[in-house]
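S.K.:
There are 2 protein chains.
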Amino acid sequence: MTTASTASTGATRWLTDEEQRVWRAYLHATTLLEDHLDRQLQRDAGMPHIYYGLLVQLSQAPRRRMRMTELARNVKITRSRLSHAIARLEKNGWVRREECPSDKRGQNAVLTDDGYAMLGRSAPGHVDAVRQALFDRLTPEQVRSLGDIMRVLASGLEPEGTDADLPWLR
Amino acid sequence: MTTASTASTGATRWLTDEEQRVWRAYLHATTLLEDHLDRQLQRDAGMPHIYYGLLVQLSQAPRRRMRMTELARNVKITRSRLSHAIARLEKNGWVRREECPSDKRGQNAVLTDDGYAMLGRSAPGHVDAVRQALFDRLTPEQVRSLGDIMRVLASGLEPEGTDADLPWLR
DNA sequence: GACCTTTTCTTGAAAGTTTAACTAGATAGG
DNA sequence: CCTATCTAGTTAAACTTTCAAGAAAAGGTC
Numbered sequence: 000m001t002t003a004s005t006a007s008t009g010a011t012r013w014l015t016d017e018e019q020r021v022w023r024a025y026l027h028a029t030t031l032l033e034d035h036l037d038r039q040l041q042r043d044a045g046m047p048h049i050y051y052g053l054l055v056q057l058s059q060a061p062r063r064r065m066r067m068t069e070l071a072r073n074v075k076i077t078r079s080r081l082s083h084a085i086a087r088l089e090k091n092g093w094v095r096r097e098e099c100p101s102d103k104r105g106q107n108a109v110l111t112d113d114g115y116a117m118l119g120r121s122a123p124g125h126v127d128a129v130r131q132a133l134f135d136r137l138t139p140e141q142v143r144s145l146g147d148i149m150r151v152l153a154s155g156l157e158p159e160g161t162d163a164d165l166p167w168l169r
Numbered sequence: 000m001t002t003a004s005t006a007s008t009g010a011t012r013w014l015t016d017e018e019q020r021v022w023r024a025y026l027h028a029t030t031l032l033e034d035h036l037d038r039q040l041q042r043d044a045g046m047p048h049i050y051y052g053l054l055v056q057l058s059q060a061p062r063r064r065m066r067m068t069e070l071a072r073n074v075k076i077t078r079s080r081l082s083h084a085i086a087r088l089e090k091n092g093w094v095r096r097e098e099c100p101s102d103k104r105g106q107n108a109v110l111t112d113d114g115y116a117m118l119g120r121s122a123p124g125h126v127d128a129v130r131q132a133l134f135d136r137l138t139p140e141q142v143r144s145l146g147d148i149m150r151v152l153a154s155g156l157e158p159e160g161t162d163a164d165l166p167w168l169r
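The listed protein sequences derive, respectively, from chains U and Z. Letter by letter, the first sequence follows residues 0 to 169 of numbering that gives the first Met the number 0. Letter by letter, the second sequence follows residues 0 to 169 of numbering that gives the first Met the number 0.
Okay, structure coming up:
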């Protein structure tokens with residue numbers, strides 16, 4: 000019941016010319032931007048974009064720590080992927096695992112001082128990169144519009160909404 | 000010279016509140032959509048989104064064949080990644096390699112009949128998924144606006160443009 | 001032609017991701 | 001309590017991507 004819309008009627012509503020152009024532009028731009036930021040962070044911070052996102056999340060959490068599952072949910076990755084990622088960040092000394100007092104199954108990922116420092120060092124460059132690629136190129140209306148559009152898309156794909164899918168991802 | 004903008008002055012222009020919200024929404028929506036389509040295609044066509052994109056490109060090329068480098072450029076991936084991907088698709092019987100007559104270094108990736116057939120089978124479902132996630136949720140103005148915005152972003156990240164980077168990617 | 005550089009594509013290993021199975025602790029019902 | 005079920009997180013194996021290196025043909029240049 001995830002796909003079916005024309006699947007039931009048999010008639011496929013293909014994309015119009017404009018839709019095709021927009022879709023291609025979307026794919027094109029989003030992959031270029033992701034590649035760009037991934038390379039920027041790999042070069043300046045020694046990690047892929049998503050790992051950086053994990054550190055940012057932790058840096059904003061109450062005591063710079065967060066339960067594994069919550070962290071995974073916030074960044075939209077599976078728990079498995081998070082396990083591997085945290086293992087790697089732990090090797091770098093930027094994150095540390097800590098048992099959860101209230102739930103013995105649980106683990107907290109904790110941002111270390113080293114991790115915090117490295118974030119402070121690389122954040123300016125990263126913000127710069129985002130600004131140059133995105134905000135400095137769009138008009139204020141476009142920025143507002145982009146926000147609206149992205150919120151619509153996200154709400155439609157959120158596990159909640161109309162057709163509740165699995166737990167929260169997969 | 001890729002990053003530096005405040006790097007030279009020392010003053011970081013952080014993101015405003017609205018910019019932060021927009022950026023988060025962007026990351027959120029784009030990762031959800033990519034995950035969604037990846038899963039849809041993995042389920043219905045047995046391959047990740049980017050592999051599907053390769054087949055689509057080939058299906059639209061003159062004699063359903065294309066030089067490796069051109070294919071890689073069109074889909075925005077490295078030649079190395081393409082080599083591995085084509086090897087996998089070859090194992091599936093959907094693509095076949097063919098030597099290039101005019102340039103003995105060259106290879107053409109050719110979409111097989113099996114590949115073409117499989118594309119015909121999975122295209123409707125994929126178009127449906129894109130439509131449901133994107134076009135059915137946006138107003139016509141939003142679609143137009145999204146196209147404009149994405150074209151601006153892409154043009155700024157294209158290896159050409161103002162600050163010519165490396166060959167075309169990396 | 002000999003020499004040097006560039007272009008095309010492949011390869012192998014390391015890094016990252018996915019999938020499915022699995023351990024251990026929490027929870028609910030009887 | 002005891003058992004069934006659920007939840008948190010990890011792990012192994014298969015697969016994909018990246019990175020660095022390299023083989024082979026093409027293009028100058030003298």
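Just so it is clear, CB atoms sit at the ideal spot from N, CA and C, and this is done for glycine as well.
1. In chain order, what residues of the same chain have a beta carbon less than 8 Å from the beta carbon of M117/U, not counting five sequence neighbours either side?
2. So if DSSP puts Q106/U in a beta bridge, which residue, or which two residues, is it bridged to?
3. Using a Cβ-Cβ cut-off of 6 Å (strictly less than) and excluding sequence neighbours within five positions of R64/U, which residues of its own chain qualify?
4. From G105/U to S82/U, what does the alpha carbon distance come to, in whole angstroms?
5. Assign L165/Z to one of two classes, buried (16 or more other C-beta atoms within 10 Å of its C-beta) or exposed (fewer than that).
6. Step through the CB atoms of chain U and report whether any lies within less than 8 Å of the CB of Q141/Z.
7. Just the Cα atoms here: how many angstroms apart are P47/U and D37/U?
8. From which residue to which residue does the alpha helix (DSSP H) around R87/U run?
9. Determine the contact status of L70/Z and Q59/Z, defining contact as a CB-CB distance below 8 Å.
10. Are V21/U and G146/Z closer than 8 Å when you measure CB to CB?
11. Going by C-alpha to C-alpha distance, which of E17/Z, H35/Z, Y25/Z, C99/Z sits closest to L156/U?
12. Check the Cβ-Cβ distances between L145/U and every residue of chain Z, and say whether any is below 8 Å.
13. Starting from M65/U, trace the beta strand (DSSP E) both ways and give me its first and last residue.
14. Thinking C-alpha only, which one of R66/U, S144/U, E89/U is nearest K103/U?
15. Can you tell me whether K90/U is buried or exposed, with buried defined as 16 or more other CB within 10 angstroms of its CB?
16. How about P123/U: is its C-beta nearer than 8 Å to some C-beta of chain Z?
17. Between L133/Z, A10/Z, L88/Z, L152/Z, which has its C-alpha nearest G52/Z's C-alpha?
18. Residues in the segment 6-39 of chain U with C-beta within 8 Å of chain Z's C-beta atoms, listed in sequence order?
19. What residue from K75/Z, D16/Z, E17/Z has the CA that sits closest to R23/U's CA?
20. Taking C-alpha atoms, which residue in I148/U, V126/U, S154/U, Y50/U lies nearest to Q19/Z?
21. Below 8 Å on the Cβ atoms is my guess for L152/Z versus A28/U; work out the distance and round it to an integer in Å.
22. Starting from M149/U, find everything on chain Z with Cβ-Cβ shorter than 8 Å and list it in chain order.
23. Within 10 Å of its beta-carbon, does R130/Z have 16 or more other beta-carbons around it, so buried, or fewer, so exposed?
24. DSSP three-state call for A10/Z: helix, strand or coil?
25. When you compare only the Cα positions, how much space is there between N73/Z and L26/U?
26. For chain Z, find out if any of its Cβ atoms is closer than 8 Å to the Cβ of G45/U; answer yes or no.
27. When DSSP labels each residue in this structure, what does L137/Z get in the three-state scheme?
28. Does E17/U come out as helix, strand or coil in the three-state DSSP assignment?
29. Run through chain Z and tell me which residues come within less than 8 Å of R72/U, C-beta to C-beta.
30. Return helix, strand or coil for T111/Z, following the three-state DSSP convention.
31. Beta-carbon within less than 6 Å of E97/Z's beta-carbon, same chain only, minus the 5 sequence neighbours each way: which residues are those?
32. Is it right to say E140/U is buried, meaning 16 or more other beta carbons lie within 10 angstroms of its own, or is it exposed?
33. Since A128/U and Q39/U should fall inside the 8 Å C-beta cutoff, what is the C-beta to C-beta distance between them, to a whole number of angstroms?
34. Do you know offhand how far S121/U's Cα is from T11/Z's?
M.R.: Once the coordinates are examined:
1. By 1-based counting over the first sequence, the position of residue 117/U is 118. Excluding residues within five positions, the ones whose Cβ falls inside 8 Å are A44, L54, W93.
2. Locating residue 106/U in the first sequence gives position 107, counting from the first residue. Per DSSP, E98/U.
3. Looking up residue 64/U in the first sequence gives position 65. Once the five neighbours on either side are set aside, the close Cβ partners of R64/U are N107, V109.
4. Your numbering for residue 105/U matches position 106 in the first sequence. Your numbering for residue 82/U matches position 83 in the first sequence. About 12 Å.
5. In the second sequence, the residue the question calls residue 165/Z occupies position 166. Caution is warranted here: a pLDDT of 39 is assigned to L165/Z, below 50, making its placement in the model unreliable, and no coordinate value can be reported.
6. For this step, residue 141/Z is matched to residue 142 along the second sequence. Yes - at least one Cβ of chain U is within 8 Å of the one on Q141/Z.
7. The residue you call residue 47/U lines up with position 48 of the first sequence. The residue you call residue 37/U lines up with position 38 of the first sequence. Approximately 5 Å, taken between the alpha carbons.
8. The residue you call residue 87/U lines up with position 88 of the first sequence. Per DSSP, R87/U belongs to the alpha helix (DSSP H) from 78-91.
9. Here the question's residue 70/Z lines up with position 71 in the second sequence. Here the question's residue 59/Z lines up with position 60 in the second sequence. Contact flag unset, no.
10. Here residue 21/U refers to the residue found at position 22 of the first sequence. Here residue 146/Z refers to the residue found at position 147 of the second sequence. Against a cut-off of 8 Å, the Cβ pair of G146/Z and V21/U comes out as a contact.
11. Numbered from 1 along the first sequence, position 157 holds the residue referred to as residue 156/U. For the residues E17/Z, H35/Z, Y25/Z, C99/Z, the minimum Cα distance to L156/U belongs to H35/Z.
12. For this step, residue 145/U is matched to residue 146 along the first sequence. Closer than 8 Å: yes.
13. Against the first sequence, residue 65/U aligns to sequence position 66. First-last of the beta strand (DSSP E) with M65/U: 64-66.
14. As a working mapping, residue 103/U is identified with position 104 in the first sequence. The option with the nearest alpha carbon to K103/U is R66/U.
15. By one-based count along the first sequence, residue 90/U stands at place 91. Exposed.
16. Reading the first sequence from its first residue, position 124 is the one you call residue 123/U. So yes, P123/U belongs to the interface.
17. Working through the second sequence from its first residue, we reach residue 52/Z at position 53. Of the listed residues, the one whose Cα sits closest to G52/Z is L88/Z.
18. Flagged, chain order: A6, T11, R12, W13, L14, E17, E18, R20, V21, W22, A24, Y25, L26, H27, A28, T29, T30, L31, L32, E33, D34, H35, R38, Q39.
19. Here residue 23/U is taken as the residue at index 24 of the first sequence, counted from 1. When only C-alpha atoms are compared, the closest one is K75/Z.
20. One-based indexing of the second sequence puts residue 19/Z at position 20. Considering only alpha carbons, the answer is V126/U.
21. Residue 152/Z sits at position 153 when you count from the first residue of the second sequence. Residue 28/U sits at position 29 when you count from the first residue of the first sequence. Indeed, because the Cβ distance is near 4 Å, the residues count as touching under 8 Å.
22. Within the first sequence, residue 149/U is the residue found at index 150, counting from 1. By Cβ distance, chain Z contributes V21, A24, Y25, H27, A28, T29.
23. Sequence index remark: in the second sequence, residue 130/Z carries index 131 (1-based). Buried, since its Cβ has 16 or more Cβ neighbours within 10 Å.
24. Taking the second sequence and counting its residues from 1, the one referred to as residue 10/Z is at position 11. It is coil, neither helix nor strand.
25. To locate residue 73/Z, count along the second sequence from 1; it is residue 74. To locate residue 26/U, count along the first sequence from 1; it is residue 27. Rounded to the nearest angstrom, the two C-alpha atoms are 11 Å apart.
26. For the purposes of this step, residue 45/U is taken as residue 46 along the first sequence, with counting starting at 1. Chain Z contact via Cβ: absent.
27. Here the question's residue 137/Z lines up with position 138 in the second sequence. L137/Z falls in the coil class under three-state DSSP.
28. For the purposes of this step, residue 17/U is identified with residue 18 of the first sequence, where counting begins at 1. Residue state, collapsed to three classes: helix.
29. Position 73 of the first sequence, counted from the first residue, corresponds to residue 72/U. Scanning chain Z for C-beta atoms nearer than 8 Å to the C-beta of R72/U yields nothing, as the closest lies near 12 Å away.
30. Along the second sequence, read from residue 1 onward, the residue named residue 111/Z stands at position 112. Three-state result, T111/Z: coil.
31. The residue given as residue 97/Z occupies position 98 in the second sequence. Within the same chain, E97/Z has close Cβ partners N107, V109.
32. The count along the first sequence starts at 1 and reaches residue 140/U at position 141. Looking at its Cβ environment, which holds fewer than 16 other Cβ atoms inside 10 Å, E140/U is exposed.
33. What you label residue 128/U is simply residue 129 of the first sequence in a count that begins at 1. What you label residue 39/U is simply residue 40 of the first sequence in a count that begins at 1. About 5 Å separates the two Cβ atoms, so the contact holds.
34. Mapped onto the first sequence, residue 121/U falls at position 122. Mapped onto the second sequence, residue 11/Z falls at position 12. The straight-line gap from Cα to Cα measures roughly 11 Å.
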